[in-house]
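Sequential numbering of the sequence shown, starting at 1, is according to UniProt numbering.
Note that CB positions come from ideal geometry on N, CA and C, so glycine has one too.
Since the structure is predicted, the reported quantities are computational estimates derived from the model, not experimental observations.
For reference, the structure is listed below as structure tokens.
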Amino acid sequence: MAYLGKWATEPTIQKSDFVVAIGFFIGITLLIIALYRILNNRLPEQKEAVDAYYHRTLKIFMLGIICSFIGTSISILQGMFF
Numbered sequence: 001m002a003y004l005g006k007w008a009t010e011p012t013i014q015k016s017d018f019v020v021a022i023g024f025f026i027g028i029t030l031l032i033i034a035l036y037r038i039l040n041n042r043l044p045e046q047k048e049a050v051d052a053y054y055h056r057t058l059k060i061f062m063l064g065i066i067c068s069f070i071g072t073s074i075s076i077l078q079g080m081f082f
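Structure follows, in structure tokens:
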């Protein structure tokens, strides 16, 4: 969140700022979707369908973490080199 706070007070100068913001936005959105799927109590009745449901939820969660991590990494590299 500290990285996002920088953009609230300073103008966006570099195009990579938009890439970082998009990475954070996608990551946060996917994590919210995964949270909804985890807390959803309307599950399929077949065990195979439940397993597939939670397997897909895990994939969405991991993709959200990866997108957020990539956004953070780009922000750190941008601060170090540019």
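Residue from the options with nearest C-alpha to residue i
i	options	result
L31	I70, I66 and Q78	I66
I22	G79, F81, M80 and I74	I74
L39	T57, A52 and M62	T57
D25	A52, F69, R42 and L43	For the record, residue 25 in the displayed sequence is Phe; it is not Asp. Ranking A52, F69, R42 and L43 by Cα distance to F25 puts F69 first.
Status (buried if at least 16 other CB within 10 Å, exposed otherwise) for residue i
i	result
A34	buried
V50	exposed
F18	exposed
I60	buried
G27	buried
Start-to-end residues for the alpha helix (DSSP H) that takes in residue i
i	result
Q46	No alpha helix (DSSP H) contains Q46, which DSSP labels as neither H nor E.
Inter-residue CB distance, residue i and residue j (contact presumed, cutoff 8 Å)
i	j	result
Y53	P44	6 Å
G71	V20	5 Å
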